[in-house]
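Protein chains in written order, with our numbering: chain A, 24 to 366; chain B, 24 to 366.
Just so you know, even glycine gets a beta-carbon here, dropped at the ideal spot from N, CA and C.
These numbers were taken from a predicted model, which means no experiment stands behind them.
Report on one structure; see the data block that follows.
2 protein chains.
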Amino acid sequence: MRLLLIGFGAVGQGLATILRDQAAYLLERSGFEAHIVGVVTRTRGLLYQPDGLSIDALLEAIGKGHLDLYPTERGLIRQMDPLDLIRTAAADALVEVSYSNLQTAQPALDYCRAALESGKHVVMANKGPAALAYAELQALGQQVGKFVGIEATVMAGTPTLRLALEALAGCRILAARGILNGTTNYILTQMESGMAYGEALEEAQALGYAEADPTADVEGWDAAGKAVILAAAVFQQHLSLETMPVKGISHLTRVDLEEAQAAGECWKLIATVTPDGGQVEPVRLPLSHPLARVSGATNAVTFSTDLLGDVTLVGPGAGPIATGFGLLADLFTAQRAGQLKKS
Amino acid sequence: MRLLLIGFGAVGQGLATILRDQAAYLLERSGFEAHIVGVVTRTRGLLYQPDGLSIDALLEAIGKGHLDLYPTERGLIRQMDPLDLIRTAAADALVEVSYSNLQTAQPALDYCRAALESGKHVVMANKGPAALAYAELQALGQQVGKFVGIEATVMAGTPTLRLALEALAGCRILAARGILNGTTNYILTQMESGMAYGEALEEAQALGYAEADPTADVEGWDAAGKAVILAAAVFQQHLSLETMPVKGISHLTRVDLEEAQAAGECWKLIATVTPDGGQVEPVRLPLSHPLARVSGATNAVTFSTDLLGDVTLVGPGAGPIATGFGLLADLFTAQRAGQLKKS
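Structure (structure tokens):
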């Protein structure tokens with residue numbers, strides 16, 4: 024499977040690392056083999072090599088700051104219009120791992136469309152296209168017989184959509200409730216141990232959990248984007264970030280947390296999605312609730328079902344390798360879909 | 024899909040109820056349609072009707088105590104040697120839901136073999152064949168091109184094996200640790216609220232969680248059987264109940280639980296399986312551990328992986344409908360396997 028990566032930040036490098044370090048295992052256990060033939064970045068260069076790029080050399084070049092530092096070799100292309108490259112590259116799948124834009128999803132959305140239209144699978148960790156246009160991309164994928172994978176957009180590699188759509192197939196899912204943002208959960212956990220909000224936020228930033236501008240995390244927009252994705256994937260329902268009720272954690276104080284603790288409860292930023300809508304808001308949960316003890320940067324989602332009652336999945340919600348695995352799992356599915364079509 | 028049920032206790036009736044109540048939904052959403060053509064019980068009669076049995080009439084007859092009360096109709100057979108029936112019935116799948124025998128797995132094991140040899144899929148909630156002969160049945164299934172499903176033997180319908188084998192494919196699973204017995208977890212939870220061991224056990228029996236002879240639950244053998252099944256399915260490793268270290272909860276006292284609580288910990292009966300072996304024993308877990316807050320009859324398993332770290336699944340570990348769903352999920356897979364073969 025020949026991959027074209029859009030973006031080569033932490034997540035793209037995480038996937039590249041997995042493909043390099045687990046190559047023998049993936050081939051032996053799952054008959055899966057993948058090569059990176061192209062990498063497109065916004066400010067750090069572009070590479071296209073139909074014969075496949077060296078992952079070691081890619082990681083070394085980006086580690087030094089720019090893909091221009093990748094060694095020159097026969098057939099290597101360093102400049103090209105991204106859309107032209109996506110349309111014409113000899114690649115089987117587009118891997119969209121550039122920065123999530125939840126307002127317009129661009130330019131990633133156009134890249135995804137171009138990839139599908141030119142007969143490539145699309146898998147993404149970029150939440151933009153998944154949150155704003157999953158139904159459209161899914162329909163386009165079905166039309167051209169290609170797979171659109173968005174597992175990595177919800178809880179990194181923790182198989183949230185696989186659980187809901189495959190493992191629970193046959194159940195009716197009535198609601199999904201989750202802790203879908205690790206940064207805010209980390210901050211709340213630290214505040215429970217006595218830190219002030221500002222101090223906990225600074226620590227989360229120092230650890231690389233929170234961005235320099237933490238608005239998307241602490242005001243609930245990152246969780247809201249994931250709620251919109253869950254609504255689209257699980258309930259085939261289009262929610263709008265503009266009309267959905269979204270409330271973050273920046274107004275919570277140590278006193279709020281102490282009051283909850285005194286009552287045997289704790290505050291969690293909970294995203295809720297049902298067939299009728301969705302919302303994100305801080306909720307006081309009793310400590311016996313399965314989501315109450317999910318602490319630190321861990322994420323979790325509870326699916327309420329008709330036949331099984333509540334089923335909860337807890338796992339990492341971020342991290343380069345964990346998110347890289349989410350992409351890998353979707354590439355597996357894309358490969359299987361391709362094989363079924365051939366047979 | 025035509026089903027032959029061996030056993031028609033709570034779990035068999037749970038599956039029948041699902042097939043009746045969800046028939047339209049399953050057909051519409053998953054293209055799945057199943058009919059019960061035969062039911063074999065040890066002491067409550069046998070029915071075989073190639074045209075399909077009425078689920079309403081089946082549930083009414085067994086509710087009154089015996090399948091002899093099923094109305095007489097053309098083509099209905101009420102007496103036959105079970106093995107002859109399994110071999111000759113016009114059925115697509117055997118559903119083994121009779122009582123689990125962890126010593127010999129019989130007669131269920133012979134029934135499973137006969138079903139596979141005569142070209143039928145086998146799905147089971149009966150832990151005997153899964154714990155003692157999964158590798159053999161799996162090999163036989165591959166040989167004859169039929170599916171062997173054991174999802175319902177570990178955590179009822181909570182998709183434990185689907186998570187480990189499908190959703191986490193591409194990860195290396197390094198260890199599985201779980202609360203796999205709801206009865207003991209219920210007893211420990213009640214003891215934490217102040218009940219004595221004997222009192223909590225009596226309550227579990229009154230609620231139908233624990234058998235009249237609670238040995239298999241409280242001495243750890245039920246959890247051990249599930250550990251053996253996890254070892255076989257996840258690590259392709261044969262563990263023996265005779266040599267595996269197994270310790271139950273009957274020696275734990277209120278004082279033990281109070282000491283743990285005072286230290287911010289709690290006792291859980293934990294089954295552990297790694298590629299090197301397995302064991303069942305009560306463990307003191309810190310309250311921050313994902314398994315620590317799994318309370319009551321709920322089950323949970325944590326898979327430790329190389330790429331995702333710990334992924335925990337929490338859900339029901341028993342119950343007729345939940346276990347019926349586990350069987351249904353395996354029947355889905357069997358149907359898909361059949362369709363792939365045909366295409």
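**Item:** Neighbour-count burial assignment, Gly-180 of chain B, 16 or more Cβ in a 10 Å radius
**Value:** Gly-180 of chain B sits buried, since 16 or more C-beta atoms from the chains shown fall within 10 Å of its C-beta.
query = Is the CB of Leu-173 of chain B under 8 Å away from at least one CB in chain A?
reply = Per the sequence shown, the amino acid found at residue 173 of chain B is Ile instead of Leu. Judged by the 8 Å Cβ criterion, Ile-173 of chain B is not in contact with chain A.
Given that Glu-83 of chain A touches chain B, what residues does it touch there, using C-beta distances under 7 Å?
When 7 Å is used as the limit between beta carbons, Glu-83 of chain A is near no residue of chain B, the shortest such separation being about 22 Å.
Note to self: Assess contact between the segment 340–350 of chain B and the segment 344–351 of chain A, defined as three or more Cβ pairs (one per stretch) separated by less than 8 Å. Is contact present?
What the structure shows: Too few Cβ pairs lie closer than 8 Å, so no.
Is there a Cβ of chain B sitting closer than 8 Å to that of Cys-194 of chain A, yes or no? So yes, Cys-194 of chain A belongs to the interface.
- Per DSSP, what kind of secondary structure is Pro-237 of chain A in: helix, strand or coil? Look at Pro-237 of chain A here: in three-state DSSP terms it is coil, with no helix or strand label.
> At a CB-CB cut-off below 9 Å, which residues of chain B make contact with Pro-298 of chain A?
Replying inline: The premise fails here: Pro-298 of chain A is roughly 14 Å from chain B at the closest Cβ pair, so nothing lies under 9 Å.
Residues near Thr-127 of chain B by beta carbon distance below 7 Å, same chain, minus five either side: Correct list: empty, nothing qualifies.
Item to check | Inter-residue Cα distance where the pair is Val-166 of chain A and Ala-137 of chain A | outcome: The residue you asked about is not Val; residue 166 of chain A is Gln in the sequence shown. C-alpha separation (whole angstroms): 14 Å.
For a cutoff of 8 Å on Cβ pairs, would you count Leu-336 of chain B as touching chain A? Among the CB atoms of chain A, one or more fall inside 8 Å of the CB of Leu-336 of chain B.
Exposed or buried, Ser-366 of chain A, counting other C-beta atoms within 10 Å across all chains shown (16 or more means buried)? Below a pLDDT of 50, predicted positions are generally treated as unreliable, and Ser-366 of chain A, at 47, falls in that range; no measurement from the model is reported.
### Spatial distance of Met-218 of chain B from Arg-277 of chain B (CA atoms)
Between Met-218 of chain B and Arg-277 of chain B, the C-alpha separation is close to 8 Å.
Under 8 Å between C-beta atoms, does Gly-361 of chain A make it to chain B? So no, Gly-361 of chain A is outside the interface.
For Leu-70 of chain A, the first and last residue of its enclosing beta strand (DSSP E): From DSSP, the beta strand (DSSP E) with Leu-70 of chain A extends over 69–71.
Quiz item: Are any of the Cβ atoms in chain B nearer than 8 Å to that of Pro-309 of chain A?
Solution: So, not an interface residue.
| task | Name the two residues that bound the continuous beta strand (DSSP E) containing Asp-333 of chain A. | result | Its beta strand (DSSP E) spans residues 332–339.
>> Just to confirm, is the Cβ distance from Phe-170 of chain B to Ala-357 of chain B under 8 Å?
In response: The answer is yes: Cβ separation under 8 Å.
request  = Quick one: list the residues of chain E neighbouring Leu-331 of chain A, beta-carbon separation under 7 Å, in chain order.
outcome  = In the structure shown, chain E does not exist; the protein chains are A and B.
Chain-order list of residues whose beta-carbon lies under 8 Å from that of Thr-40 of chain B (same chain, five-residue window excluded):
Excluding five sequence positions before and after Thr-40 of chain B, the CB atoms of its chain that fall closer than 8 Å to its own CB belong to Ile-78, Leu-82, Pro-343, Ile-344 and Gly-347, given in chain order.
Tyr-134 of chain A: buried (16+ other C-beta within 10 angstroms of its C-beta) or exposed? Label assigned to Tyr-134 of chain A: buried.
*Under three-state DSSP, which class holds Asn-204 of chain A?*
Assigned with DSSP and collapsed to three states, Asn-204 of chain A falls in coil, not helix or strand.
How many angstroms separate the CA atom of Leu-314 of chain B from the CA atom of Thr-335 of chain B? So the two alpha carbons sit approximately 8 Å from each other.
- prompt: What is the residue span of the alpha helix (DSSP H) that Ser-53 of chain A lies within?
  reply: For Ser-53 of chain A, the enclosing alpha helix (DSSP H) stretches over residues 46–53.
In or out: Pro-309 of chain B buried (at least 16 other Cβ within 10 Å) or exposed?
By the 16-neighbour rule on beta-carbons within 10 angstroms, Pro-309 of chain B is exposed.
(Q) Between which two residues does the alpha helix (DSSP H) holding Thr-295 of chain A run? (A) Where Thr-295 of chain A is concerned, there is no enclosing alpha helix (DSSP H), although the beta strand (DSSP E) it sits in stretches over 288–297.
TODO: May I ask you to list, following chain order, the residues of the segment 53–70 of chain A that have a beta carbon less than 9 Å from some beta carbon of chain B?
DONE: Within the segment 53–70 of chain A, the qualifying residues are Ser-53 and Phe-55.
- request: Determine which residues of the segment 186–215 of chain A have a Cβ less than 9 Å from any Cβ of chain B, and write them out in chain order.
  value: Cβ contacts with chain B: Leu-186, Glu-189, Ala-190, Leu-191, Ala-192, Gly-193, Cys-194 and Arg-195.
My assumption, with CB atoms under 8 Å, is that Ile-252 of chain A sits in contact with Ala-131 of chain A. Please give the rounded CB distance.
Taking 8 Å as the upper bound for CB-CB distance, Ile-252 of chain A and Ala-131 of chain A are not in contact here, some 14 Å apart.
Discussion item. Quick check: Leu-26 of chain B and Val-118 of chain B, are their CB atoms within less than 8 Å of each other?
Written reply: For Leu-26 of chain B and Val-118 of chain B, yes; Cβs fall inside 8 Å.
Touch test, the segment 231–247 of chain B against the segment 278–290 of chain B, Cβ-Cβ under 8 Å, three pairs minimum: By the criterion of at least three beta-carbon pairs nearer than 8 Å, the segment 231–247 of chain B is not in contact with the segment 278–290 of chain B.
For this session: Can you grab the Cα-Cα spacing for the pair His-312 of chain A / Leu-292 of chain B, in whole Å?
Result: If you take the alpha carbons of His-312 of chain A and Leu-292 of chain B, they lie about 20 Å apart.
According to DSSP, which residues form a beta bridge with Leu-28 of chain A?
Partner residues in the beta bridge of Leu-28 of chain A, as assigned by DSSP, are A:Val-62 and A:Val-118.
Nearest candidate by alpha-carbon position, reference Arg-65 of chain A, set A:Val-34, A:Ser-53, A:Gly-30 and A:Leu-92: The shortest C-alpha separation from Arg-65 of chain A is found at A:Gly-30.
Cα-Cα separation between Ala-199 of chain A and Thr-297 of chain A, rounded to whole angstroms:
So the two alpha carbons sit approximately 6 Å from each other.
(Q) Can you find the residues in the same chain that come closer than 6 Å, C-beta to C-beta, to Ala-223 of chain A, ignoring five residues on each side of it along the sequence? (A) Excluding sequence neighbours, Ala-223 of chain A sits near Ile-210, Gln-213 and Met-214.
Does the CB of Pro-378 of chain A have a neighbour CB from chain B at under 8 Å? As shown, chain A starts at 24 and ends at 366. That puts residue 378 of chain A outside it, with no answer to give.
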